[in-house]
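A quick write-up on the structure given underneath.
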Amino acid sequence: MKPLSSTWAFSRIGGVDQVVIRNGGDIANLAELDQKLWAVLAMPTSLPAYKDALEYLDADKDGKIRVPDILRVIEELKGQLTSLDLLFEQNDSIAANQVADSSLKESVAQMQGKHTFIDLATVDESIGAFSALPFNGDGVVIPATAKDEAIKALVAILAKEGYAAKDASGEAGVDGVSLDNFIVDAGAYKAWLNGAEAFVGLFGSEDEGRKAVDLFKTICSPLDDYFKRCRILAMAGSSSAMGELEALMSSVLSRNLPEDAEELKRLPLALPDADSILHLDRALHPTYRKALSAFFAVAGRKLATADSVTQAEWETIASTMEAYGSWIDGKPGSGAAGLGAQIFGESFGPEAFASIKALIEEDLVMAGKAESLKKLRTLLVLKRDFLHILRNFVNLDEFYVRKKGMFMAGRLFLDGRELELCLDVRNAAAHTTMAGLSSLYLIYCDLSRKDGGKKSIVAALTAGDADNIFVGRNGIYYDASGADWDAVITKVVIQPISIREAFFSPYKLLIRTIEDLAMKRAAAAEAASMDKMKGAAQTTVSGPKPDAKPEQVLPKKIDVGTVAAIGVALGSVGAMLTGVLGIFFGMGAWMPVGVVAILLLISGPSMILAFMKLRKRNIGPLLNAEGWAVNGRLKINVPFGGTLSHLAALPLGTTRLAKDPFAEKKKPWALYIVLVIIVACVAAYFLGWLKPLFG
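Take a look at the structure:
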């Protein structure tokens with residue numbers, strides 16, 4: 010690593026070492042800081058905060074901000090501000106004596122006037138007033154810019170036909186590129202129209218001609234086939250050559266065939282004629298009759314006789330239609346083609362285009378002023394937001410110190426708690442593989458609004474417990490702008506939340522297991538009882554069968570072996586309990602240690618696993634799923650995690666004004682426990698288990 014020209018300071022927050030940006034000198038020297046020490050190497054521009062600044066930083070418009078983008082803007086700011094310390098003001102106001110760039114300084118001085126400084130609102134107001142001028146430096150001419158009515162109309166027509174550029178005022182106009190595109194398209198359309206001279210009078214309209222081309226494509230092949238058969242018949246010189254064709258027609262007549270049957274396709278358009286003439290008023294193939302009639306109704310007036318077509322006439326028709334079809338298919342698809350023959354008028358002549366170009370050049374004279382205002386606005390946006398971005402890129406002070414990281418999209422209220430660490434989910438597939446690597450307890454939610462808005466988020470639960478978190482539960486989400494969304498849990502990634510929660514988890518699991526077993530047994534007993542009651546009711550209603558003999562109940566015999574086995578089992582259990590209690594009370598003064606040991610045997614594995622998982626909690630995989638390139642681990646230790654999830658708590662000084670009239674009656678559990686302890690101690694004394702305690 011090359012030596013640095015400045016001394017860097019680092020801080021350790023949340024278990025992460027980060028460089029500290031103390032002043033403008035640190036910002037100016039960031040190019041010398043090893044990229045391995047940057048917190049982030051790339052971030053997406055699709056973040057809810059600082060959109061204007063992020064859009065400017067993304068020079069290549071690839072949707073990502075990288076280290077070179079940051080360094081490029083720093084170099085620009087060095088030349089525009091007298092000191093980069095001004096970035097620490099984090100506001101959008103500036104005075105002329107704080108600007109180093111001469112052109113920007115002049116603009117600030119003009120707007121500042123007698124005021125101490127100007128702000129972003131002042132600049133936006135100036136940009137709005139300048140954009141409303143006829144010539145505002147954007148190179149776009151709108152109809153109102155032109156004084157000549159013909160030029161106004163031409164500009165409006167070009168914008169309407171798709172050759173539009175948006176003016177700074179928001180209106181549609183024409184710029185140099187769109188005008189050049191129209192001139193090229195108009196030339197191509199004129200050349201195409203000139204090709205129509207070969208087909209003058211052929212059809213009444215372009216639509217009629219296109220219809221004729223479509224019909225020609227349908228009948229061309231059958232007609233070629235017909236005249237080919239006519240030539241073969243003429244070569245045969247005998248009517249017997251028609252025998253096979255007549256046999257085929259006879260077989261077709263004897264069956265009910267669909268229109269697309271292969272046998273029908275093999276039949277000619279009409280019976281061949283040795284003179285190679287197609288008589289349109291005679292029997293024709295039913296599949297092509299309508300198309301033939303329609304084609305010759307449209308094209309026959311100019312290309313053929315009314316009742317028949319010779320081979321020579323057909324060849325002329327085919328040649329003409331192929332040429333016409335090629336011409337009609339070559340019509341340019343540009344907006345210029347929609348203007349029709351009026352494109353040859355004077356209003357579309359070279360003089361009109363030259364007038365528009367002159368207006369564009371006159372508008373561009375003000376481009377310097379427009380660019381200066383744009384640069385000044387960008388400078389104020391960066392003065393306000395750039396340090397925030399650095400503290401989410403070079404380090405993550407915004408997240409670890411202020412808990413306002415750029416990736417934090419809002420707050421989720423759910424189950425009596427507020428979750429601050431919420432991220433937008435734009436790549437659900439990436440989260441599927443990355444979520445588990447974060448070691449965070451994650452809650453995925455689908456959001457919806459009354460206005461139809463929908464999106465997804467993920468929230469990290471970093472404090473409390475998760476007893477009432479389940480798929481389908483509803484909550485409320487507030488995004489960065491304060492808008493509220495309905496939230497529904499769609500997925501939960503279970504991970505340890507705290508050591509305390511891990512300590513109680515085995516007991517909670519035991520209680521849930523006992524409750525489930527008890528409910529299952531109670532349900533089974535209830536079902537059996539209901540079956541017995543139904544049987545008894547049925548017997549009562551129907552009465553006993555007349556011939557049925559009363560069932561003789563035999564006295565149950567008690568097996569001596571069974572009694573002995575039960576006694577042995579109870580004795581074994583009693584002996585085991587006596588032995589365990591004897592060992593436990595025999596520990597004497599070490600009895601509390603035994604209690605702790607038992608608790609550790611039960612909860613220890615869960616606590617150890619939770620400890621290991623909590624040490625690995627890392628938000629990096631979630632950011633990676635959203636397109637960030639995180640440089641290292643972004644840990645969330647237990648103390649810091651506790652600040653990101655807030656549990657419900659009554660305010661200090663709160664008093665309850667009345668007792669709950671529906672509260673359940675309390676039982677003297679404390680008395681019961683004391684009595685059990687006394688009985689146990691008395692029993693232990695008489696059994697001699699307390700002798701080790703008292704010597």
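This note's numbering applies: residue 10 is where the sequence shown begins, and numbers increase by one. Ideal Cβ placement from N, Cα and C applies to all residues, glycine included.
Residues near residue i in its chain [Cβ-Cβ closer than 8 Å; skip 5 each side]
| i | result |
| --- | --- |
| Y235 | P277, L278, A279, P281, L287 |
| K199 | I352, F353 |
| A496 | L421, L423, C454, D455, L456, I466, N483, G484, I485, Y486 |
| Y65 | V82, T387, V390, L391 |
| A545 | none |
| L42 | L13, W17, V28, V403 |
| V688 | none |
| L656 | G425, R426, A472, G473 |
| R642 | V25, N627, G629 |
Cβ separation of residue i and residue j, assumed to be a contact under 8 Å, to the nearest whole Å
| i | j | result |
| --- | --- | --- |
| Q121 | V108 | Incorrect: roughly 10 Å between the Cβ atoms, too far for contact. |
| L188 | F362 | 7 Å |
| Y116 | L432 | Note on identity: in this sequence residue 116 is Ser, with Tyr being the wrong assignment. Actually they do not touch by this definition, with Cβ atoms about 40 Å apart. |
| A149 | K175 | Here residue 149 is Val; the residue named in the question, Ala, does not match the sequence. Sure, about 7 Å apart at Cβ, within 8 Å. |
| F126 | S102 | 5 Å |
| G72 | P57 | Actually they do not touch by this definition, with Cβ atoms about 15 Å apart. |
| L373 | T154 | Wrong, their Cβ atoms sit about 12 Å apart, outside the cutoff. |
| E452 | L470 | The amino acid at residue 452 is misidentified as Glu; the sequence shows Ile. Confirmed, Cβ separation roughly 6 Å. |
| L167 | K412 | 54 Å between Cβ atoms; not a contact. |
| A118 | A105 | 4 Å |
| A197 | P295 | That belief does not hold up - the Cβ atoms of A197 and P295 are roughly 44 Å apart, past 8 Å. |
Three-way DSSP call (helix, strand, coil) for residue i in this model
| i | result |
| --- | --- |
| F19 | strand |
| F422 | strand |
| I369 | helix |
| T441 | helix |
| Y516 | helix |
| Y487 | strand |
| E427 | strand |
| G461 | coil |
| A177 | coil |
| T499 | strand |
| H397 | helix |
| L39 | helix |
| Y450 | strand |
| A468 | strand |
| G182 | strand |
| L388 | helix |
| V410 | coil |
| Q89 | helix |
| R435 | coil |
| L456 | strand |
| S507 | coil |
| I74 | strand |
| T296 | coil |
Local Cβ density within 10 Å of residue i, reported as buried at 16 or more and exposed below that
| i | result |
| --- | --- |
| V344 | The identity of residue 344 in the sequence shown is Gly, whereas the question assumes Val. It is buried - the Cβ of G344 has at least 16 other Cβ atoms within 10 Å. |
| R81 | exposed |
| F19 | exposed |
| A472 | buried |
| C239 | buried |
| C380 | For the sequence presented, residue 380 should be read as Glu rather than Cys. Classification of E380: exposed, given that the 10 Å Cβ count is below 16. |
| K644 | buried |
| I520 | exposed |
| D394 | buried |
| P152 | buried |
| D26 | exposed |
| H124 | exposed |
Contacting residues, own chain, Cβ-Cβ under 7 Å from residue i (five flanking each side not counted)
| i | result |
| --- | --- |
| V639 | V49, G629, L632, N633 |
| C229 | A327 |
| A303 | L224 |
| G204 | W336 |
| S214 | none |
Chain-order list of residues whose beta-carbon lies under 6 Å from that of residue i (same chain, five-residue window excluded)
| i | result |
| --- | --- |
| D406 | R400 |
| R75 | A51 |
| L129 | D101, L389 |
| I160 | S364 |
Any non-hydrogen atom of the ligand FAD closer than 7 Å to residue i Cβ
| i | result |
| --- | --- |
| A533 | Absence of the ligand FAD from the depicted structure is noted, as is the absence of any ligand whatsoever, leaving it without description. |
Quiz prompt | Ranges of the beta strand (DSSP E) found wholly within the segment 43–70, counting only runs of at least 3 | solution = Taken in chain order, the complete beta strand (DSSP E) segments of 3 residues or longer contained in the segment 43–70 are 49–53.
Practice problem: Ignoring anything shorter than 4 residues or poking outside the segment 328–380, list the alpha helix (DSSP H) runs there in chain order. | Solution: Every alpha helix (DSSP H) of 4 residues or more that sits fully in the segment 328–380 is shown, in chain order, as 359–373.
Practice problem: Scan the segment 608–690 and note each continuous beta strand (DSSP E) run of 3 residues or more that stays entirely inside, going in chain order. | Solution: Within the segment 608–690, the runs of beta strand (DSSP E) that reach at least 3 residues and sit entirely inside it are, in chain order, 654–656.
Quiz item: Can you give, in chain order, each stretch of the alpha helix (DSSP H) that sits fully within the segment 113–144 and has at least 4 residues?
Solution: As far as the segment 113–144 is concerned, its whole alpha helix (DSSP H) runs of at least 4 residues are 129–140.
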